[in-house]
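Sequential numbering of the sequence shown, starting at 7, is according to this note's numbering.
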Amino acid sequence: FWPPREHIAQFAPYLLEDKKAQATLNAWNREAYRWAAPLAEPLSELESRIINDLYDAEVHYQDSYLGQLFAALERRGNRENTLTVIVGDHGDGFGEHGYFGHAFVAYQELLHVPLLLHWPTQIKPGQHEDPVSTRRVYHTMLAAAGPLPENIKHLTPAEVRKLSLRESLAGREAEKEGAYAEVYPPLNFVKTIQHRQPELLEQFRCLSVRRALVQGQEKLISIDNRPEELYNLQTDYPESTNLAPDAIARVAALNNQLDRLATLAELQRETISSGAALDLEADEGLLQHLRGLGYID
């Protein structure tokens, strides 16, 4: 993290003067590995403060660009009739459950992201409390763009309309079973952990696949196809009290729904064409971008 000075001044002013805080941040920024590995030791109080404050500063910095976007739309005279979707691809964990970054786990700090739709001429102001899947942003944009192109395979106009988030806003919830998520271990991070701190792989179950189902205020987490954690997000948003041992019947019912959604997702993966294969070795620019993002070694 290192947002512009004006945002640091607002959310972490001590970083502009405190040499110890600056040294701590520089140590983190020099070693990218630490931003993705589970925590062998909890963060110190200073580390936690710096990282959380700078995260807020980074979010504020990003928000300033949204202000520029809306100002540009205003100048063009089409701000009111432009659909703008603001969504996070993932959150970040800062040691809440012993993990850091945005890999390995299916807790709320990673899965529960901002999702805003701005389209004044079509969408009334308000909030929607029920959980929805961010995959439906795709259907929402398609539905807003007009008639579905004929060359889109495995997708019908009826399905696009049904899965548009505007249906949820109108009280017609398409996914009554709730929001489903899958978290696969990122192999590039796994390899690095194996090289540096192999003991963490088993301790934090870094090779396991996690799946989650959020239905209303209930959340079930399955690890390697075994339902292991149940939380009430209304009373325990930090997911600190696992209710699964005392709610066997409820866990079984939710797990049946989770298994059905997992099977459906797998069938969809098998039937939807992924397009032409990419020749990564022939595109050095793409390789550099993927390495920079941490997707390949």
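All residues carry an ideal CB built from backbone N, CA and C; glycine is no exception.
Simplified DSSP state of residue i, which is helix, strand or coil
i	result
T247	coil
I14	helix
T140	coil
Y105	coil
P19	helix
Y113	coil
L89	coil
K182	coil
A176	coil
N238	strand
L226	strand
A187	strand
Cβ distance (whole Å) where residue i is taken to contact residue j below 8 Å
i	j	result
R211	A112	So it is not a contact: roughly 12 Å between Cβ atoms.
L239	Q223	5 Å
V257	A268	Not quite, the Cβ-Cβ distance comes to about 15 Å (not below 8 Å), so this is no contact.
H13	Y67	5 Å
E188	A271	7 Å
G101	P48	6 Å
T140	Y39	28 Å between Cβ atoms; not a contact.
L260	Q221	7 Å
Exposure label - residue i; buried when at least 16 CB within 10 Å
i	result
G107	buried
P9	buried
E115	buried
A29	exposed
A305	What the structure shows of the chain is the stretch from 7 to 303, and residue 305 is not part of that stretch, so it cannot be assessed.
Y186	buried
Y105	buried
K25	exposed
K182	exposed
H201	exposed
G152	exposed
D285	exposed
H295	exposed
S170	buried
G291	exposed
H3	Coverage of the chain is limited to positions 7 through 303, which leaves residue 3 absent and any answer about it impossible.
P233	buried
I227	buried
A33	exposed
R36	exposed
V138	buried
P155	exposed
P120	exposed
Three or more C-beta pairs below 8 Å linking the stretch 258-278 and the stretch 134-147: no
Alpha helix (DSSP H) segments (min. 4 residues) lying fully within the stretch 191-222: 193-202 and 205-209
4-residue-minimum alpha helix (DSSP H) runs that sit fully inside the stretch 115-171, ordered along the chain: 142-151 and 163-169
Complete beta strand (DSSP E) runs within the stretch 40-102 (minimum length 3 residues, chain order): 90-93
Stretch pair the stretch 62-74 + the stretch 16-30: three plus CB contacts closer than 8 Å: yes
Sufficient close CB pairs (3 or more, under 8 Å) joining the stretch 238-255 to the stretch 91-99: no
Cβ contact (3+ pairs, closer than 8 Å) linking the stretch 202-209 and the stretch 166-174: no
At least three beta-carbon pairs within less than 8 Å, the stretch 77-95 to the stretch 125-139: yes
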